[in-house]
Amino acid sequence: MSIDTIAAGVRSGERIGFDDARELYREAPLALLGALAHGIRLGRHPEGVVTYIIDRNVNYTNICVARCNFCAFYRPVGSPDGYVLSFDELFRKIDETLAVGGQQLLLQGGHNPDLPLEWYLDLFRAVKARYPELRLHALSPPEVVHLSRLSRLPVREVIDRLVAAGLDSIPGGGAEILVDRVRKLLNCYTKATADEWLGVMREAHRAGLRTTATMMYGSVETPDERLEHMFRLRELQDETRGFTAFIAWSYQPEHTELQGVEATAVEYLRTLATARIVLDNFDNLQASWVTQGGKVGQLSLAFGANDMGSVMIEENVVRAAGASYCMDEVEIVRNIEDAGFVPKRRTMHYEIVGDPVFRAREVPRRFGLDVAKHEGEASIPSELASYRGRSRAARDARRSEPPGGAPTSAPE
Amino acid sequence: MMADEAERLWETHDILALGTRADEARRQRHGDRVTFVRVATLALDTAREARWSSAAREIRIAGRPHDVTAAEQAIDSVVRRAEGRPVTAFSLAELQALAPDRAGFVDVLRRLFGAGLTSVASADVDGLEDLRQPVEAVLAADGHIARFTVARATHESPVPLFLAVRALQKTTGAVRAFAPLPRSVDGSRPTTGYEDVKSVAIARLLLDNVGSIQVDWALHGPKLAQVALLFGADDLDAVPVEDESADGRRRAPLEEVKRNIRAASLTAVERDGRFGVLES
Ligand code: SF4
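Residue numbers (the numbering used here), protein chains in the order written: chain S, 620 to 1031; chain Z, 284 to 563.
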């Protein structure tokens, strides 16, 4: 079919099939892709609002046994650079987040064998006891799979326990490309297969949680595999309606084992626009200014995005791989308004909560993102001794303890 | 295009429609070709000892000279070792400051072009009260200006500035390339992506008598520079010369610039500092 015919179909609201999506993605001029995507976005959000959230992206540990070859963030077990945040450090970060108007903690981390499910349950309970209003947007599907394996409990049971402890929603990280050929090449097949990732999301949606979905493109996949990823998400969304938003971000190659080069800005805008066209059952598409910078991030608003993502106070993962863009609330709002939209703060569920915080009260400007750990801070908190770790070091330490040694609270 | 239409375009949020128009204008003039130039930039203070990569297609001396002799000596020293490569240097305002009056300025320029200077490296169109007089002095000295640039971001409409460039071109014909994106911005309030692509697109549409709309690759970065190519820009200035970066060949600047041009479905053509095409 010709590009014009496919475009006419998209304009008339027809659902696009794989072959036509491929034709558009590969051949359509950028401006046409943008116009189609923007038309769909305006149809879905005619009020001209662009949303954003104030939250903090906290990585509770960088110790990880998954060893994805595209990841510059993780450290192997036993690495001197490995860390786990203490509960107190997390509380301090939450206090700072609340102070700038944040209402959510995005909590993700490595697959650390010394953090059993009970550690997460204790953490969530402690957070909710202290901050009942705070939303916990935590643990991407591979982390849930990891906890399921570690605790030898089914995914459904793990999710139910986490929800009972305070989990509010699940971030769509760890999706990379939902095609197993790609996952094997990225060494992330064992952390979660495509079906496992989708399976966790299905269970989460069943449990009443809303989640996001991401795509990391630009590493080793083909354009067709990017589309396959989008179609798999669309299929699950048809089934559950549990996804709130889709976020595409480009693979960041610096300091990774895989190396390579980052996909270009035009590829980002094409991918974003195509996602808006394919994902006709997703309400929200985020602009990834974290990987694209503020300028292309803002241009995303003309290519299908209706959300500027997060005014992040902290970010560790993308920065470890070379990107270091920062936008505080003033900057995000200025960019939204400059593009002709009305900025509104939202929750993780994309409910509007209000106008910019800095317009109601003084908020200090931020020109850099905070990091998980500052120099000189202990890398492993003492409270971890009370959990039953699964790493070799933790097991050796237990073996050398006298009978009746360190207490455990982990029910393994 | 008339001024009031350009002002309306500056107010638009429909950057896709604007971009499509500018892209058409750009394609009528250049087809799918994008030219780029690899530039070795030398600091004036150390220009006489400086070395550069053989990959440089323009050698540019940057810095404010104290006097004509210092400028002339630096140019002479670089030209002697340039093996025929174009040598550009200084800004028009920096050179104007060396001369007491217009006649003296033409003499200054004659000395520098006589020393082998290919072109004055740049002229800020927002930096000089009267642009026409110094530009005509360059022409009177049988010289060129490599690029016309915008020094500072104002967040105001750039249309009056662009109209001044159009008028200058009409009377002098001296504008070979115009770079509409400001070179200096307030870090706490940078120009936005919308402002930048609108500036590039409006420059292309308004300056129908100027050959190239240029973006500085090193200054603005690959992402904005690449997107600008689809909003009316056709030339990438200041691609660094290092052939081999520490990260390997695929990340070398030459590969990166070509990859970005290709990914925008355009054809990369290398040029030198005289706007001569080196490959096709
Ligand atoms: S991407 Fe996540 S799971 Fe993979 S190595 Fe990095 S921290 Fe571990």
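Backbone N, C-alpha and C define an ideal beta-carbon position, used for all residues, glycine too.
Query, Result
"Status (buried if at least 16 other CB within 10 Å, exposed otherwise) for ARG532(Z)", "Caution applies to ARG532(Z), whose pLDDT of 49 falls short of 50 and renders its modelled position unreliable; the model cannot decide the point."
"Residues near ALA882(S) by beta carbon distance below 6 Å, same chain, minus five either side", "GLY837 and SER869"
"Proximal residues to GLY728(S) (C-beta, below 6 Å), its chain only, five neighbours per side dropped", "ASN678, TYR679 and THR680"
"Counted within 10 angstroms of its Cβ, other Cβ atoms place ARG449(Z) as buried (16 or more) or exposed", "buried"
"Nearest-angstrom Cβ-Cβ length linking ILE485(Z) and PHE445(Z), presumed shorter than 8 Å", "7 Å"
"is_contact[GLN497(Z), chain S] using C-beta, thresh 8 Å", "no"
"Identified DSSP bridge partners for THR670(S)", "ASP926(S) and LYS963(S)"
"Spatial distance of TYR887(S) from ALA460(Z) (CA atoms)", "29 Å"
"Buried versus exposed, by CB contacts within 10 Å (16 or more), HIS968(S)", "exposed"
"TYR739(S) beta carbon near the ligand SF4 (any heavy atom closer than 7 Å)", "no"
"Alpha-carbon to alpha-carbon, ILE659(S) and ARG634(S)", "12 Å"
"Cutoff 8 Å: THR475(Z) Cβ touching any chain S Cβ", "yes"
"Under the three-state DSSP convention, the category GLU294(Z) falls into", "helix"
"Residues of its chain near GLU527(Z), where Cβ-Cβ distance is below 8 Å and the 5 sequence neighbours each way are ignored", "Note that GLU527(Z) has pLDDT 48, beneath the 50 cutoff, so the model's placement of it is unreliable and no number is given."
"With 16 other Cβ atoms within 10 Å as the buried cut-off, status of LEU395(Z)", "buried"
"Within 8 Å, strictly: CB atoms of PRO348(Z) and GLN379(Z)", "no"
"Delimiting residues of the beta strand (DSSP E) encompassing ASN903(S)", "903-905"
"Local Cβ density within 10 Å of LEU439(Z), reported as buried at 16 or more and exposed below that", "The residue you asked about is not Leu; residue 439(Z) is Glu in the sequence shown. Under this definition GLU439(Z) is an exposed residue."
"Residues within the stretch 296-315 of chain Z neighbouring chain S, beta-carbon criterion of under 9 Å", "HIS296, ASP297, ILE298, LEU299, ALA300, GLY302, THR303 and ASP306"
"Cβ shell of ASP328(Z) (< 8 Å), same chain only, five flanking positions each side left out", "GLY346"
"Length of the line joining the Cα atoms of MET927(S) and TYR1006(S)", "39 Å"
"Run of the alpha helix (DSSP H) containing LEU643(S), from where it starts to where it stops", "637-646"
"Supposed contact pair GLY791(S) and THR833(S) - C-beta distance, whole angstroms, cut 8 Å", "4 Å"
"First and last residue of the uninterrupted beta strand (DSSP E) at THR371(Z)", "370-374"
"Minimum Cβ-Cβ distance from PHE901(S) to chain Z less than 8 Å", "no"
"Neighbourhood of GLN567(S) by C-beta, 6 Å cutoff - its chain only, sequence neighbours within 5 removed", "It is not possible to answer for residue 567(S), since the shown part of chain S is limited to 620 through 1031."
"Three-state secondary structure assigned by DSSP to SER528(Z)", "Caution applies to SER528(Z), whose pLDDT of 48 falls short of 50 and renders its modelled position unreliable; the value that the coordinates give is listed next. It is coil, neither helix nor strand."
"Reduced DSSP category for ILE496(Z) - H, G, I as helix; E, B as strand; rest coil", "strand"
"Below-8 Å beta-carbon distance, LYS963(S) vs any chain Z residue", "no"
"Any non-hydrogen atom of the ligand SF4 within 7 Å of ARG686(S) CB", "yes"
"CB contact flag (VAL703(S), LEU734(S), <8 Å)", "yes"
"Alpha-carbon to alpha-carbon, SER405(Z) and SER495(Z)", "14 Å"
"Straight-line Cα distance separating ALA939(S) from PHE960(S)", "32 Å"
"Residues that ILE659(S) bridges to, as DSSP identifies them", "BP columns for ILE659(S) are empty, so no partner."
"Per-residue contacts from VAL510(Z) into chain S (C-beta, under 7 Å)", "ALA884, VAL885, VAL915 and LEU918"
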